[in-house]
Structure formats: structure tokens, C-alpha cells
Amino acid sequence: MNQVNNTLLKLFSVTSVVTLIIAVVSIGLFYKTFAVNLLEEQSAKTNAVLSKIIYNSIHIGIETKLGVKYLFDDESIEFISSQKNHPFLKSIIQDSIEQTPVVKVKIYNPKLKTIFSTIKENIGKTIDDVNIRKVIETGESYTDINHYEKFLLDGNTLNNVTLLTTYIPMTIAHEMEGSESKEYGLFGIYVDVTKRYESIVSSQWGFVSVITVVLLIIYSTLYFEVRKINKTTNQKQKNLDDELRKAEKTNLVLGKNFAKVATKRDRAVKENEAKSQFLANMSHELRTPLNAIIGYSEMISDDMDDGDTSKVKEDSKRINSAGKHLLIIINDILDISKIEAGKMELNIEDFNVDDMINEIIATSKPLADKNNNKLIVVSNKTTVSITSDLTRTRQILLNLISNAIKFTKDGDIFITINDSKLDGRDSVEFVVQDTGVGLDDKYIKEIFSPFNQADLSSSKKYEGTGLGLTISKLFCELMNGDISVSSTLGQGATFTVNIPVLVSSSKYELAENDNVTKHREYCANVVIVDSDPSAKKLLTSYLCDLKFYVIFASTALDCVRVAQNNNVDIIILDVQSSGMDDWLLLKNLKNNIKTRNIRIIVTASKNELELTKSLGADAYIVKPFNKEIVEETVCNIVGGSDSVVSIQ
């Protein structure tokens, strides 16, 4: 089975590479074809205007000499065909095409015989081309583009030149027994488009190079993910095969458990078949990102409507940026998936805080300079080094500083480092403050939700998925830290991160306080939902004295998630802080089978006691807090009191 999986992986690789090559070649050819067609269309319109100018100029010149009714009647054609009149007509035409890229003009009669040319040697020659003959038959112009290694022009030779020729029909009138019959002659206008054509070819290669890089990044990401999945499933298959062999040996001795072994074997086969199908279909998934790439190529084509190919380079950079952005999104989603699945492990190490900050500033400075922002570091700490996950801590701060730079222009970003306390433990506080656009109060409570930005208009103006802050919050929780935000719309935002000086590799660690000697029998996990920093700090101090472990939840969704996924004993809920209908949150917690047994203390006003009782709260406390009242209320709850406790 492993051999089959490896064969499928090789098939995926080969198919993917072939798909990439076909995609790159196809897009490159499409780009060049579209650009050349656009060049022909624009030049044809310009040449049509030039033909009218030349027509009028010749008409005026001949009318002055002959007084003819029609420009291209028999008498006019005879005049034009005369060799002695060539200098006169050539002078008229050259005056008309002066300051234009036109290098040659021809006039053909309906038999496609050249009756005039700015190059005298061409006069009298007849052309025989199906496409040009259709111009005579239909009266519709025809444009052609050709490259010449050598092109003779009035005694001069043009080397490696690309000429665009437009054949434009003209009406020739004949007098026939008092009536008129009309047929078409031709203007042939030759335009030098060498530079524009070379620009198209050059930009085509640049465009193909960018597309290739973007697709290779996408392919590499998918390849390594598929390879990792293949390796994992092969190991699972091996483990299952080993288990099956052991079970079969046992079955030979005891004559039992065959049905169980067969069930496991069938399950293993089904899982492996599903995995094999996944690998076989993975190459198809490469086509999806191509839609975005093709979309950007169409934008490049639109940029060329004005004939200016200088924008192609900038649009190509956007495609490259989009590929890198896609890679960032993939990495962010993988990080979130690992954390939610409990697969993200901390790499605890000792590291110097100043060294980390200096590295972050060096990384962020180019982006800050782009928005004309100044990065200012203020260090008030005495802590030199901490024991934590350097990579996660650095990523949190980079996310916050990058956001501050992105939403600030011509301003200052302050990075302040302070000594602090978190849940009674020593910590380092990182404050990132900017002078940018700020946040409306109604968005602050949702700012750490996945894929969130302040509003739809900001997501269009400022690039981003909204995953950065979610990841930062999850990393903080993983390290038993904390993150919060305060902001005023139009006056910037302040994000505060607290990371313990000593991070445990385990997910939960009780808050320690060496001075605590009482209430040791009341150890419990307590979730605090309160947007007031001073209230949280005060409650944390009281609860740490009781040897409780404190968990913070910024929103109602966070509260529900923490309560459902952790061994929570008590929730202290400020009904003004949850981010949804606060009483609805209380009701949901009491009606949820996973959280109904958690004891809930509500901080509310005195006149809300009856509502608190009806919704099932176990107690409520009136602000401002009193230490003795808080301790007594919490101890009663933990001690098993079933009545609602109203503390005045």
C-alpha cells in the first residue's frame, strides 16, 4: 500500500509540473496575442484617420490642378499614376505624415496595382493576397504586422524593423452613361512599431517569469503539505498493519477477536482508499489559484488599453505580491488549525528581550519608512531575559507593529516595554501604540475574531485577512499571557501584551503567591469577563490570594469557547462587557449542557437582582469591589452554597 501511495505522490508531482508548464506557456501566449491584437487595433484606427488626412490633402492638391469632381475618378487616377507628378504627390503626403511613425504610403487601384508609392520603385507592381483582396470585395480594412531583417526605404536600409501595415478601402467613382458605379481602391499605410513590439515581447517574458514564481510558490506549498500527509498516513498504515499482524497471531492462539481485527482492517482500508483518492485529486486543486492569476493578467490587459505598456511591470509586481500574500494566508490558516487541534507546541527557551526587540525593529523599519512612520522604543523594564517561546512572542509583536504601521501614515509608533504582573506572576508588558486611524468602540470587542477587520471599507483599503490578531491572541493564551486593546476612532490604537517571565510548557499553571496561607482548600479555575482593566486586575489579585487560577475572556464567544473546552469552576461576568446581549450570554451558559454546571457570579447593579435570579446566576456582586465581599462570595460558591447570594 505504501508503494501505491508513493506512486500516487509521484503522479501528483508530474501532473502538477506539467500543469504548471502548460499554464505558464498558455498565459504567456495569451498575453502576447492579446497585446499584439490590441496594438493592431489601435494602429488601424490611427491609420484610418491618417488615410482621411492624406485623402483630403491629395484631393485639394489635384482639384487645384484639374478641377475634378471625384478624387479617384479616371482622370485623377491617371494623374496620380504619372511618374512626372510623383514629386508633387510625395510632397503632399510627406507633409501629411510629418511627426508620425509612418514610413511608407501606397495607393492601389481596384486591380491591386500600385499607382502611387512614396518609394518610387514600387509603382506599377501588383500584389496578390487573399486578405487584401477581401478589402476590395467587402470594403473593410485589413491590418497586418511583419518583421523585416532589412527594409529598403528611399536608399536607406532599416535593419530588424517591425512594420504594421493597414490597407484602407477608398471609393473610386466612374462616369458610365450618366450614372455612377463605385468600386474600391486601397490606401496602404506602413507604420514603424518596432519599439512597441519589442516592449510587448520584453514585458511578456517578465510577466511569464512572475507567473512562474507565483505558481512555483503555490506548488511548493501544496507539494510539501501532500508529502507530509502522505508520510503521516503511511506511518498510520504501518502502525495499523503491525497491529493487525499482532491481532492475527493472538487470534491463532485464542481463536478470538477476529471480528474486531477484521473491522479495524476494513476501517484501515477505507481510510487508505480515501487518502489515495485525496492524493489523486490534489493535482486538480492547482487549477483554483490559476483563476486569480488569470484575473490579474486580465487587469494587465486592461491597463494596456491606452497603449502604454509601462504599467505592466507594476501590475506584475502586484501578481507577485498576491502570491506572497496567498502564502501568508496559508501559513496563518495552518497556524490556527494547529492551535485549535492542540497540535501547536511551545519551544521554551531563555532569550534576551532587547535583542528580540532590536530584531523586530530592523524587520519592521522598511515598511514603516514606506508610510513615513517613525518607530520609537521606550524601555522601562529591569527584566533582561525571559523564559518563553521566542518565535511566538516575536510573531505576536510583529503582527501588532505591522498593523500599527499599516493603519498609520506620517505618524509615530511607540513600542513601550514595562515590568508587570499577570495573575500574581512576574511578566513583561509590551505596549504598541500608534497615531493612526483608530477603532470604533463597536468593533473593539470583535477585533480578535478570525478574519475580522474594522469594516468592509477598511478591508478594501488595507490588505489583510484579519487572521493576525486572532493568531496573536491564541499564542498569548498558549503561553498563559494576555492581550488587550484600547482605541479612539481617529486617534490611534493601543495594544497591550503581557507575557510571563517564566512560561510553563503545560497549558495550565495555577497562579502562585508565596504570601498566601489561607483558603488553600479553595483552588479552582475562574474565568473573568470584564472590559475594565482595573477591575480585572483587582479581581485577579483577590483570587490569587485564594490560590485560584485566573483565565481572561475578552468577548462572549471567547467565554463560551474557554468554558466548553476547559475545566472551569466559576465565571465572573460583567454584564456590560461580553460583546453580545449580556443577559443572553448568561442564559446560554446555563442552557448549554457543557457549561450549565459552572457557577456564575454576575457583577451588576442592585436593581438587576431579580433578573439575575431568573436567568440562573449563582451570585452577584455590586461594584466597586470589596475584597472581603468578593472572597466570601467566591468561597460560598466553591463551598457548595446553592442559593443566590446578593451582596450589597
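Under UniProt numbering, the residue at position 232 of the sequence shown is numbered 232, and the numbers go up by one with no gaps.
Ideal Cβ placement from N, Cα and C applies to all residues, glycine included.
How would you write the range of the alpha helix (DSSP H) that residue i sits in, first residue to last?
i           : result
S403        : In the sequence as presented, Ser is not what sits at residue 403; that position holds Asn. Looking at the DSSP string, the run of the alpha helix (DSSP H) that includes N403 is L390 to K406.
residue 652 : Within the shown structure, residues of the chain are numbered from 1 to 648, placing residue 652 beyond reach of any answer.
N131        : V130 to T138
H92         : According to the sequence provided, residue 92 is Ile. The question's His does not apply to it. First-last of the alpha helix (DSSP H) with I92: H86 to S96.
Q564        : A556 to N565
A634        : Residue identity differs from the one stated: residue 634 is Val in this sequence, not Ala. Looking at the DSSP string, the run of the alpha helix (DSSP H) that includes V634 is K627 to G639.
A535        : P533 to D545
I444        : D441 to I444
Taking the Cβ atom as the reference point for each residue, do residue i and residue j lie within a distance shorter than 7 angstroms?
i           : j    : result
F495        : A524 : no
S420        : N498 : yes
E40         : T143 : yes
D410        : G492 : no
V377        : I415 : yes
residue 663 : S385 : Limits of the chain in this structure are 1 at one end and 648 at the other, which puts residue 663 out of reach.
K84         : T118 : no
G436        : F407 : yes
T488        : G438 : yes
I127        : I80  : no
I444        : V485 : yes
V526        : V550 : yes
I145        : A35  : no
L469        : I447 : yes
I211        : I21  : no
residue 649 : P110 : Since the first residue shown for the chain is 1 and the last is 648, residue 649 is missing from the structure and cannot be characterised.
I361        : L398 : no
V622        : T612 : no
residue 652 : F552 : Outside the modelled stretch of the chain, which goes from 1 to 648, sits residue 652, for which no answer is possible.
H86         : K120 : yes
C587        : L615 : Before going on, a small fix: residue 587 reads as Lys here, not Cys. Cβ distance < 7 angstroms, so K587 and L615 count as in contact.
V638        : I598 : no
By DSSP, does residue i sit in helix, in strand, or in coil?
i           : result
I598        : coil
Q99         : coil
V18         : helix
F116        : strand
Y190        : strand
L290        : For L290, the predicted model reports a pLDDT of 48, less than 50, meaning its position is unreliable; a value from the coordinates is still stated below. Looking at L290 - three-state DSSP - the assignment turns out to be helix.
E349        : strand
I54         : helix
S220        : helix
F30         : helix
I60         : helix
K150        : strand
D471        : Here residue 471 turns out to be Ile, not Asp, going by the sequence shown. Three-state result, I471: helix.
F495        : strand
M282        : The predicted position of M282 is uncertain, since its pLDDT is 38 and thus under 50; a value taken from the coordinates is nonetheless stated next. Three-state DSSP puts M282 in a helix.
A619        : strand
N591        : helix
K125        : coil
residue 653 : No information on residue 653 is available, as it lies outside the stretch 1 to 648 that the chain covers here.
With residue i and residue j assumed to form a contact (beta carbons below 8 angstroms), what rounded beta-carbon distance in angstroms separates them?
i           : j    : result
V432        : I405 : The pair is not a contact, with the Cβ atoms about 10 angstroms apart (cut-off 8 angstroms).
residue 701 : I600 : Outside the displayed range of the chain (1 to 648) lies residue 701, so it cannot be described from this structure.
L584        : I571 : Contact flag wrong, Cβ pair sits at about 15 angstroms.
N380        : N418 : 5 angstroms
S43         : V135 : Not quite, the Cβ-Cβ distance comes to about 16 angstroms (not below 8 angstroms), so this is no contact.
K150        : N156 : Not confirmed; about 11 angstroms, so no contact.
V503        : I396 : With a Cβ gap of about 13 angstroms, V503 and I396 do not count as contacting.
L112        : I132 : 7 angstroms
F88         : G61  : 7 angstroms
Terminal residues of the continuous beta strand (DSSP E) containing residue i?
i    : result
Y528 : It is Ile, not Tyr, that sits at residue 528 in the sequence shown. Element bounds for I528: N525 to V529.
I376 : K374 to S379
S487 : D482 to S487
E429 : R425 to D434
F414 : D412 to L422
A553 : That residue, A553, is in no beta strand (DSSP E); it is neither H nor E in DSSP.
I572 : I570 to D574
A604 : Neither: A604 is in no beta strand (DSSP E) and is coded neither H nor E.
Between the segment 91–98 and the segment 222–229, can you find at least three pairs of beta-carbon atoms closer than 8 angstroms? no
Touch test, the segment 558–568 against the segment 534–545, Cβ-Cβ under 8 angstroms, three pairs minimum: no
Answer yes if the segment 96–108 comes into contact with the segment 186–205, meaning at least three C-beta pairs across the two stretches below 8 angstroms, and no otherwise. yes
Determine, using beta-carbon pairs with one atom in the segment 421–431 and one in the segment 540–547, whether at least three such pairs fall under 8 angstroms. yes
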